[in-house]
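Trainee: Each residue of the sequence shown is one higher than the one before, counting from 23 in the working numbering. Sharing a structure here in structure tokens format.
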Amino acid sequence: MTPEFWQQRWQDKRIGFNQPDVNPLLISYFNQLDLPAGSRVLVPLCGKSIDMVWLATQGYDVVGIELVESAIQEFFAEQAVAYSVRADSKNPNNKCYKGEIAGRTVELWVADIFTLSAATIGHVDAVYDRAALIAMPKEMRPKYSEQVCLLSQNAAQLLLTLNYDQNEWAGPPFSITQEQVQQYYAAHYSIVELEGEPSTLNAAPEMAVTEHVWLLTE
Ligand SMILES: C[S@@+](CC[C@H](N)C(=O)[O-])C[C@H]1O[C@@H](n2cnc3c(N)ncnc32)[C@H](O)[C@@H]1O
């Protein structure tokens with residue numbers, strides 16, 4: 023998946039991955055991370071997800087990373103939140119949009135995730151990955167998972183994945199097996215599956231799709 027692929031998806035408004043409501047699995051399972059209020063949560067490949075609003079209303083600061091600038095502009099416009107923009111001094115192609123929701127700081131980087139460093143995004147206490155790992159094709163996933171570990175300094179993660187017969191559909195979103203989750207993250211985390219249920223998404227009713235929730239802790 024090239025940057026141009028995602029730019030085109032946003033330009034054409036083919037963003038079926040964007041949910042109108044807060045993800046129920048986030049609501050059910052985020053407390054498993056046991057994060058004190060005021061913690062800072064990294065949302066890689068964040069799009070304009072309303073899940074970030076929920077995180078802020080729960081008392082967490084949010085740092086998101088998204089390739090497509092219009093997605094971030096739409097996020098702040100839809101939430102009617104004022105923002106400031108600053109460029110990354112080390113990489114002027116990257117910008118950080120900063121606003122406040124429910125008294126918490128929401129900083130959204132317009133950047134290719136692979137061009138950012140932990141020093142640039144700042145300290146992170148946890149990671150919420152919804153439709154990020156599964157948006158990466160197989161050959162990019164080891165690099166992506168390493169980068170998330172580097173950026174977050176192995177902070178605990180709530181990871182949501184899908185599983186279906188990859189021969190039935192090309193993706194994205196891509197199917198991820200339990201073995202693959204282990205392959206990407208076992209070097210840095212102990213991994214517990216919190217839930218694995220038939221998907222309630224109706225995008226592909228003819229396919230057997232299961233949604234999986236993983237807790238990754240050091
Ligand atoms: C499937 S969407 C999921 C968005 C969001 N997590 C959600 O739940 O709605 C994947 C997003 O990642 C962004 N993206 C893809 N590759 C990226 C990269 N290398 N760096 C940053 N963002 C990227 C895309 O533009 C897209 O908005």
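Quick reminder that beta carbons are idealized off the backbone N, C-alpha and C, glycines included.
In angstroms, rounded to a whole number, what distance separates the CA positions of T183 and V84?
Mentor: Going by the C-alpha atoms only, they are around 21 Å apart.
Trainee: In chain order, what residues of the same chain have a beta carbon less than 8 Å from the beta carbon of V44, not counting five sequence neighbours either side?
Mentor: Excluding positions up to five away in sequence, the list reads I72, D73, V75, W76.
Trainee: Grouping DSSP H, G and I as helix and E and B as strand, with all else coil, what is R14?
Mentor: The requested residue 14 does not occur in the structure, where the chain is confined to residues 23 to 240.
Trainee: Just to confirm, does E88 get its C-beta within under 6 Å of one of the non-hydrogen atoms of ligand 1?
Mentor: Correct: E88 has its Cβ closer than 6 Å to ligand 1.
Trainee: Would you identify the three-state DSSP class for W131, choosing helix, strand or coil?
Mentor: W131: strand per DSSP, three-state reduction.
Trainee: Expressed to the nearest angstrom, what Euclidean distance is found between the alpha-carbon atoms of H145 and A178?
Mentor: So the alpha carbons of these two residues sit roughly 13 Å apart.
Trainee: Assuming E129 contacts K117 under a Cβ cut-off of 8 Å, what Cβ separation, rounded to an integer in Å, is found between them?
Mentor: With 8 Å as the limit, E129 and K117 do not qualify as a contact, their Cβ atoms being about 11 Å apart.
Trainee: Which one or two residues does DSSP pair with S212 in a beta bridge?
Mentor: Note: S212 sits in a beta bridge opposite T239.
Trainee: For D134, which residues from the same chain have a beta carbon less than 6 Å from its beta carbon, with the 5 sequence-adjacent residues on both sides left out?
Mentor: So the qualifying residues of the chain are L89.
Trainee: In the structure shown, what three-state DSSP assignment does Y82 receive?
Mentor: Coil at Y82, not helix or strand.
Trainee: Any heavy atom of ligand 1 closer than 6 Å to the Cβ of N40?
Mentor: Result yes, Cβ under 6 Å from ligand 1.
Trainee: Please list, in chain order, all residues of the same chain as S92 whose beta carbon is under 7 Å from its beta carbon, the five residues on each side excluded.
Mentor: If we look at S92 and ignore the five residues flanking it on each side, its Cβ neighbours are W32.
Trainee: Counting along the chain, where does the alpha helix (DSSP H) carrying T24 start and finish?
Mentor: T24 -> no alpha helix (DSSP H), and no H or E assigned at all.
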